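Everything on this sheet refers to the single structure shown next.
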Amino acid sequence: MSTNKNQIILNIRFKIKPGKKESFRESLFSMISNFKNEASFVSAIVSDDLVIYEIWQGTKESWIQHELNKPYRAEYEGSLAKLIDDRIVSWLEPVSEWGSTLTNVRR
């Protein structure tokens with residue numbers, strides 16, 4: 083794990099269009115396969131209801147500056163209009179952790 087003390091968590095909840103769950107899942111998993119090798123990437127968890135929980139080294143500002151403009155994200159974003167009705171993005175900063183060592187915070 084990096085010695086960087088800053089981490090950001092993206093918690094994204096999607097409202098999927100009817101009949102598009104599998105297509106959206108394929109698109110999401112494809113995007114994850116692109117970013118999973120990024121230097122600041124820590125972890126991603128996708129739940130059955132297609133909520134994604136991503137942990138990244140850095141801050142919200144550094145994520146927006148370095149990750150948001152990646153070419154694979156533009157392709158993914160372009161596909162969303164036909165797959166989702168809405169999404170809610172929450173930017174979180176970890177303050178404590180139990181049971182794993184994914185974040186840089188310890189209790």
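Just so we're aligned, residue 83 is where the sequence shown starts under the working numbering, counting upward by one. Cβ atoms here follow ideal geometry from the backbone N, Cα and C, with glycine treated the same way. In this text, all values refer to a predicted model and were calculated from it rather than measured experimentally.
Please state the DSSP three-state secondary structure of residue i.
i: residue 151; result: coil
i: residue 87; result: coil
i: residue 180; result: coil
i: residue 102; result: coil
i: residue 96; result: strand
i: residue 172; result: strand
i: residue 121; result: coil
i: residue 163; result: coil
Compute the Euclidean distance between the alpha carbons of residue i and residue j, then round it to the nearest angstrom.
i: residue 95; j: residue 171; result: 7 Å
i: residue 131; j: residue 103; result: 9 Å
i: residue 153; j: residue 188; result: 35 Å
i: residue 100; j: residue 167; result: 9 Å
i: residue 119; j: residue 142; result: 19 Å
i: residue 160; j: residue 175; result: 28 Å
i: residue 146; j: residue 91; result: 12 Å
i: residue 156; j: residue 89; result: 23 Å
i: residue 164; j: residue 182; result: 37 Å
i: residue 162; j: residue 107; result: 11 Å
Restricting to Cα atoms, I'd like to know which of the options is closest to residue i.
i: residue 179; options: 120, 123, 137; result: 137
i: residue 111; options: 124, 134, 98; result: 134
Once the 5 residues before and after residue i are set aside, which same chain residues still bring their CB inside 8 Å of it?
i: residue 177; result: 187
Output needed for residue i: all residues of its chain with C-beta closer than 7 Å, excluding positions within five of it in sequence on either side, in chain order.
i: residue 116; result: 154
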